[in-house]
């Protein structure tokens with residue numbers, strides 16, 4: 006027996022029983038629904054920014070929303086994902102659903118939304134690691150054309166097999182005129198057992214000669230191979246079966262190869278020029294770069310490392326000043342360094358690094374912005390374990406009369422309640438002015454309240470979190486949860502060159518956020534950019550001075566307030582450009 010509705014019954018329901026969307030009862034429901042959504046929106050960290058948008062900026066945001074929706078329907082379709090999946094399967098790569106950044110990068114960069122985000126004034130880049138900033142096609146070209154560069158490996162038998170070329174330690178650095186000439190082919194000629202070929206472990210070979218003798222394609226093949234040792238490949242970024250520990254192992258190994266070649270004055274200068282140029286081209290006016298260099302920096306023509314960091318910082322000072330004096334760099338506000346130490350090091354090594362930081366700060370107070378500890382939190386020492394060193398550092402800073410605040414990595418983990426996750430509590434208790442990543446913060450309601458009360462900014466790096474296995478895609482990232490709860494955040498790029506972005510700017514992360522999160526929109530993106538300026542360390546400040554300027558924002562009277570006003574002018578210019586460029590096609594009414 007069935008109880009199906011007859012045609013007559015359905016006609017009667019339609020005519021007399023089923024309410025329409027215009028009926029008072031549903032109108033009352035819609036009004037309550039809209040009020041509930043509006044009430045939640047008031048809690049968002051970008052609410053005040055949205056309320057203060059000019060009419061023209063509102064129109065620009067409306068235009069961008071329409072473009073985003075159009076491209077979602079026309080470009081980012083299931084058919085495209087299926088095509089990418091088939092392409093990668095044919096290449097022997099098994100893709101993970103939603104792991105789309107490296108696969109979609111080429112398509113992304115051809116969209117209207119990319120052009121818009123590329124043009125946007127992004128303010129300040131607050132979380133980036135020095136060695137991983139400049140595109141490697143450029144950097145390796147510079148390395149190869151720099152006279153006196155050599156290559157070596159401690160591997161017995163050299164780099165004669167594919168496995169050794171993939172896994173072995175490789176050192177590329179300035180060695181000058183080699184006293185003993187060694188056959189360049191020997192480094193590539195070892196057999197499977199590690200013998201033969203005539204290569205003596207640790208022997209440097211002229212880099213150009215070694216490149217030309219590369220067994221798989223000569224110099225062109227050599228550059229492709231060396232680049233593969235400096236980046237996480239598409240395969241690395243997509244494969245899931247190895248987990249986070251394996252991707253971190255490959256990630257850390259990249260820094261060893263990069264550092265050996267970068268820490269030489271002529272290459273360092275070219276690196277800095279390229280970095281500053283690419284940042285300004287991407288709408289970045291200020292950058293705070295984290296670096297963790299050992300004392301291995303060499304001046305031009307010298308093979309003996311400098312005894313301290315003076316020469317390296319002199320070059321930073323000179324190159325930034327020279328860039329700002331050019332028409333291209335006239336809009337650039339400047340650069341500061343956040344001194345970092347690898348968190349896995351032992352107490353003596355960390356204390357020595359802290360001591361070097363203080364000494365360099367005394368000589369270059371305007372270039373050192375703060376201090377941090379880096380490296381995988383899951384494999385390194387927890388902040389509680391590092392408390393003796395951190396308290397010693399704070400005491401020494403007070404004794405020397407220098408202000409070096411903490412900007413600490415914390416919560417870059419999938420853990421929930423373990424010792425790594427609890428680094429977030431320590432970062433807050435230690436007075437960190439900003440927290441790097443803060444990926445697991447959304448799990449902690451009490452910490453969220455404390456972060457908001459203390460006005461601590463989260464330096465969020467979505468693409469880095471995706472590639473390093475914390476999330477499968479931008480759609481699964483926790484940053485929207487933090488924004489919805491009113492936590493101040495800024496977008497950052499972390500390690501763009503190693504992660505495959507091929508540029509020092511932030512457009513990829515900004516684009517991913519705009520396209521991925523419905524609640525964000527151009528206004529939300531603008532709020533994140535404004536936050537980056539509001540929480541930038543433009544100058545040394547006490548904790549009270551810092552809190553005052555963050556609180557007062559553009560209503561204050563100091564450097565920060567002035568920079569915020571300058572950014573606001575650039576934001577309005579950008580919104581004018583959006584309306585002029587796309588208003589006729591996509592409408593110019595306010596959102």
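Numbering (our numbering), first residue to last: 6 to 596.
Every residue, glycine too, gets a C-beta built ideally from N, C-alpha and C.
As assigned by DSSP and simplified to three states, the class of residue i
i: residue 8; result: coil
i: residue 513; result: helix
i: residue 553; result: helix
i: residue 462; result: strand
i: residue 13; result: helix
i: residue 178; result: strand
i: residue 606; result: In this structure the chain extends from 6 to 596, so residue 606 is not present and cannot be described.
i: residue 236; result: coil
i: residue 211; result: strand
i: residue 217; result: helix
i: residue 431; result: helix
i: residue 426; result: coil
i: residue 307; result: coil
i: residue 507; result: coil
i: residue 361; result: helix
Where the beta strand (DSSP E) containing residue i begins and where it ends
i: residue 344; result: 339–347
i: residue 583; result: That residue, residue 583, is in no beta strand (DSSP E); its alpha helix (DSSP H) goes 564–591.
i: residue 495; result: 494–496
i: residue 639; result: This structure cannot settle anything about residue 639, because the visible part of the chain is limited to 6 through 596.
i: residue 413; result: 412–415
i: residue 154; result: 154–157
Cβ shell of residue i (< 7 Å), same chain only, five flanking positions each side left out
i: residue 613; result: With the chain covering 6 to 596 only, the question about residue 613 has no answer from this structure.
i: residue 173; result: 158, 160 and 164
i: residue 336; result: 285 and 290
i: residue 193; result: 163, 164, 165, 218, 219 and 220
i: residue 575; result: 126
Proximity to residue i [Cα-Cα], best of the options
i: residue 419; options: 45, 446, 393 and 48; result: 446
i: residue 69; options: 546, 543 and 528; result: 528
i: residue 184; options: 297, 175 and 210; result: 210
i: residue 543; options: 373, 33, 428 and 320; result: 373
i: residue 386; options: 364, 331, 365 and 349; result: 349
i: residue 388; options: 426, 342, 555 and 402; result: 426
i: residue 399; options: 435, 120 and 215; result: 435
i: residue 520; options: 539, 226, 293 and 78; result: 78
i: residue 177; options: 264, 441, 142 and 589; result: 264
i: residue 649; options: 443, 333 and 339; result: As shown, the chain starts at 6 and ends at 596. That puts residue 649 outside it, with no answer to give.
i: residue 294; options: 305, 49, 401 and 280; result: 280
i: residue 251; options: 55, 82 and 381; result: 381
i: residue 115; options: 60, 81, 138 and 360; result: 81
i: residue 356; options: 219, 391, 326 and 37; result: 391
i: residue 204; options: 33, 283, 156 and 171; result: 156
i: residue 588; options: 27, 39, 454 and 72; result: 72
Nonlocal neighbours in the same chain, by C-beta distance under 8 Å from residue i, ignoring five residues either side
i: residue 22; result: none
i: residue 302; result: 268, 269, 270, 273, 310, 311, 314, 316 and 317
i: residue 308; result: 179, 180 and 181
i: residue 304; result: 270, 311 and 316
Cβ-based neighbour list, residue i, same chain, cut-off 6 Å, excluding 5 preceding and 5 following
i: residue 537; result: 128, 129, 131 and 495
i: residue 581; result: none
i: residue 97; result: Since pLDDT at residue 97 reaches only 45, below the 50 mark, its modelled position is unreliable, and the value read off the structure follows with that caveat. Within the same chain, residue 97 has no close Cβ partners at all.
i: residue 99; result: Here residue 99 scores only 39 on pLDDT, less than 50, and its place in the model should not be relied on; the value that follows carries that caveat. No residues qualify anywhere along the chain.
i: residue 482; result: 467 and 476
i: residue 277; result: 324
i: residue 514; result: 467, 468, 496 and 498
Extent of the continuous alpha helix (DSSP H) to which residue i belongs
i: residue 277; result: 270–286
i: residue 439; result: No alpha helix (DSSP H) contains residue 439, which is instead part of the beta strand (DSSP E) from 439–442.
i: residue 171; result: 167–172
i: residue 538; result: 526–539
i: residue 133; result: Run containing residue 133: none in the alpha helix (DSSP H); it sits in the beta strand (DSSP E), 128–134.
i: residue 226; result: 223–233
i: residue 322; result: 315–329
i: residue 295; result: Premise fails: residue 295 lies in the beta strand (DSSP E), 289–296, not in any alpha helix (DSSP H).
i: residue 146; result: 141–150
i: residue 398; result: 392–405
i: residue 1; result: What is shown of the chain runs 6 to 596, which leaves residue 1 out entirely.
i: residue 187; result: No alpha helix (DSSP H) holds residue 187; DSSP gives it neither H nor E.
i: residue 116; result: Note, residue 116: premise wrong, no alpha helix (DSSP H); not H, not E.
i: residue 488; result: 484–489
Closer than 8 Å to chain D by CB, residue i
i: residue 565; result: The chain inventory of the structure shown lacks chain D, comprising one protein chain alone.
| Ranges of the beta strand (DSSP E) found wholly within the region 37–79, counting only runs of at least 3 | If we require 3 residues or more, the region 37–79 turns out to have no beta strand (DSSP E) run fully inside it.
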